[in-house]
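For reference, the structure discussed in these notes is given below.
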Amino acid sequence: MHELFMRRCFELARQGTGRVSPNPLVGVVIVKNGKIIGEGFHERHGGAHAEPNAFKNATEDVSGATLYTNLEPCCHTKKLTPPCAPLVIEKKIAHVVICNLDPNPLVAGSGAAQLKAAGIQVTTGVLEQEGESLNEIFFHRMRTGRPLVHLKSAATLDGKTALPNGESKWITGPEAREDGHRGRLQYDAVMVGAETLRKDDPALTVRLPGFTPERMPFRVILTGSGKLPMGAQVFKDDFRHRTLVVTDSQTKIDMLPPQQVVRLSTLNPFPFGEFYKKIADFGIHSLWLEGGAALHSLFLQHNQVGRLTLYLSPKIMGEGRALFAHTSSGLADLLQLEGLEVQAMGADLKITAKMETNRRKP
Ligand SMILES: NC(=O)c1ccc[n+]([C@@H]2O[C@H](COP(=O)([O-])OP(=O)(O)OC[C@H]3O[C@@H](n4cnc5c(N)ncnc54)[C@H](OP(=O)(O)O)[C@@H]3O)[C@@H](O)[C@H]2O)c1
């Protein structure tokens with residue numbers, strides 16, 4: 000029974016996708032006499048948390064009820080909204096069932112402890128793994144202090160992403176492309192290398208049937224030369240104010256106002272810490288990389304990729320551009336993936352996996 004109600008919490012939580020960052024996705028279900036009497040989720044950053052929303056929507060007196068939540072109720076006051084654990088106590092909830100404890104050092108078990116101290120029964124760890132995947136972006140940032148970088152690419156079965164002349168649209172089918180758009184939506188920014196912009200002129204927006212995102216992810220373009228096509232969609236479309244160019248301290252960039260140019264002290268070696276700090280000022284706490292091979296290898300070789308998703312189309316190209324641009328020094332040095340998941344996506348295959356955490360250091 001706990002699992003059934005927790006799955007409903009996940010469904011509710013997912014409705015906040017693309018709107019709550021840098022906060023986690025949270026859903027709450029209030030159950031009394033085996034029946035759901037209230038539901039709520041965290042709808043947007045700065046808005047009410049899932050708990051007050053569920054209490055507000057409750058159709059009956061909640062005292063003595065069980066409250067299900069995929070994340071430990073918060074107890075700290077260093078945020079835009081009041082803490083939830085005291086509210087749960089005030090509402091006389093009898094039992095709180097939690098999927099994941101909050102890794103935020105300001106909470107980290109003390110929300111649950113506060114509830115227990117008030118005499119509330121607390122159960123934790125229900126569908127813990129599913130909850131971890133739901134909030135992978137949030138957990139990663141809390142545990143490492145860095146944004147989750149998710150590398151996405153599409154290739155033929157022989158691992159080619161473009162013809163030798165650079166042409167690459169479209170390798171995969173509509174289902175895989177739509178899934179890629181759902182992926183973009185979860186991240187604060189979509190990043191490409193300048194060569195991809197020059198060759199493909201991608202829009203890098205979220206386009207899903209029947210759905211308009213409240214906020215487009217930022218588009219981030221990396222260039223050392225500053226040679227970017229003025230007429231590119233990302234500089235002309237309705238979301239051009241959400242395009243950033245990342246370059247060094249010297250390179251001339253004409254196509255955007257200076258406040259949309261992120262200047263790093265150098266690009267070689269690439270200063271990842273400085274880069275993450277500067278994009279955080281724009282509210283970017285997670286990154287979705289969309290190519291090409293040079294950009295992907297830059298992040299991979301420096302152990303910056305947390306998750307990789309590859310769409311493989313049942314086609315063979317022969318000569319063509321490879322997925323990655325680096326050379327491994329030996330078989331013992333290959334980058335290792337873990338937790339591989341494979342799924343059919345229309346006529347294509349979707350492969351997603353985490354990069355192994357103890358892989359070699361740069
Ligand atoms: N099938 C797919 O999923 C897919 C997706 C994306 C792209 N593609 C294809 O991939 C090709 C482009 O890939 P690419 O590997 O040639 O280029 P890329 O990764 O798109 O861009 C590389 C560019 O990034 C800039 N850069 C600046 N600092 C860098 C650094 N430290 N390390 C690496 N890059 C840095 C440079 O721009 P400047 O030259 O301006 O200095 C460099 O030329 C295109 O043909 C595109 O169609 C395929």
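The sequence shown begins at 0 in numbering that gives the first Met the number 0 and counts up one residue at a time.
Note that CB positions come from ideal geometry on N, CA and C, so glycine has one too.
Note that the structure is a prediction, hence the values are computed from the model and not measured.
- In this structure, Leu147 is the residue among Leu156, Leu147, Met229 with its C-alpha nearest to the C-alpha of Met190.
- At a cut-off of 7 Å, the beta-carbon of Asp199 counts as near ligand 1: some heavy atom of the ligand is closer than that.
- The region 256-271 and the region 161-175 do not touch, with fewer than 3 CB-CB distances between them shorter than 8 Å.
- In the three-state reduction of the DSSP assignment, Met141 falls in the helix class.
- The continuous beta strand (DSSP E) containing Glu340 extends over residues 336-344.
- Taking the C-beta atoms as reference points, Leu105 is found no nearer than 8 Å to Thr123.
- If the five residues before and after Arg43 are omitted, its C-beta is found closer than 8 Å to the C-beta atoms of Gly15, Arg18, Val19, Glu213, all from its own chain and listed in chain order.
- When secondary structure is reduced to three states using DSSP, Thr211 falls in the coil class, being assigned neither helix nor strand.
- For ligand 1, no non-hydrogen atom lies closer than 7 Å to the CB of Ser264.
- Our two residues, Glu71 and Phe210, have alpha carbons roughly 30 Å apart in a direct line.
- Within the same chain, Ala12, Phe40, His41, His48, Ala49, Thr68, Asn69, Leu70 come within 7 Å of Val25 by CB-CB distance, once the 5 residues on both sides are set aside.
- When rounded, the separation of the alpha-carbon atoms in Val121 and Ser264 is 50 Å.
- Ranked by Cα distance from Leu3, the options Gly192, Pro102, Val125 are led by Val125.
- Ile88 is positioned such that its CB atom lies no closer than 8 Å to that of Ala64.
- Secondary structure of Gln259 (DSSP, three-state): helix.
- By the criterion of a C-beta distance shorter than 8 Å, Arg140 is surrounded in its chain by Pro21, Pro146, Leu147, His284, Ser285, once the five residues flanking it on both sides are discounted.
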